[in-house]
Structures are given as C-alpha cells and as structure tokens.
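For the sequence shown, my numbering gives the first residue as 9, with consecutive numbering after it. All C-beta atoms, glycine included, are put in the ideal place defined by N, C-alpha and C. For clarity, every value in this text was computed on a predicted model and none was experimentally measured. The structure under discussion appears below in the form of structure tokens.
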Amino acid sequence: MAATDTSTTNDKGRRIVGAERATLARNLVQRYSQGESIRALASATGRSYGFVHRVLTESGVQLRQRGGARRRKQA
9 MAATDTSTTN DKGRRIVGAE RATLARNLVQ RYSQGESIRA LASATGRSYG FVHRVLTESG
69 VQLRQRGGAR RRKQA
C-alpha cells in the first residue's frame, strides 16, 4: 500500500491529540480499510502496534480476524 504523509514519523512517542489525532485516525482507517495491516501502519507512522490498534477501535473500525487461509491436509 502506498504510504501517505503522516507528521508523526519523526516525533516518536509524542502525544497526538485533538485535530491532529482525528486526522491521523482518518488516515489510518482509510489505509486499514484498503488492506494494510496494523503492524504495517505502526511501522509507517512510527507509532506502536497498541496505539494504532486503539485508534482504529476508537474510530469504530471492525478489525479483521488474525491469520490467513488455513492449509488443508493433503490426502
């Protein structure tokens, strides 16, 4: 997925509040909806997995289930 501009990449650990948090949340929701993983979003924004997970759930996003397709045992 193409990364979009996020002002948080250089300010790791800085508190994100107010309008800036809302803007970041919209960006994360859009990218997650397009298929990007939480880990990829965390890495791209310089934030933790937990932060991204929390922002997505606060935004009302239904998170995808873990893992991929299961392998079938060959007969």
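DSSP places residue 68 outside both helix and strand once states are collapsed to three, so it counts as coil. Check the Cα spacing between residue 73 and each of 66, 80, 61, 23: the tightest is with 61. Under the three-state reduction of DSSP output, residue 44 falls in the coil class, being neither helix nor strand. Just so you know, the alpha carbons of residue 69 and residue 20 end up roughly 24 Å apart. Contact check for residue 56 against residue 37 fails: the beta carbons are separated by 8 Å or more.
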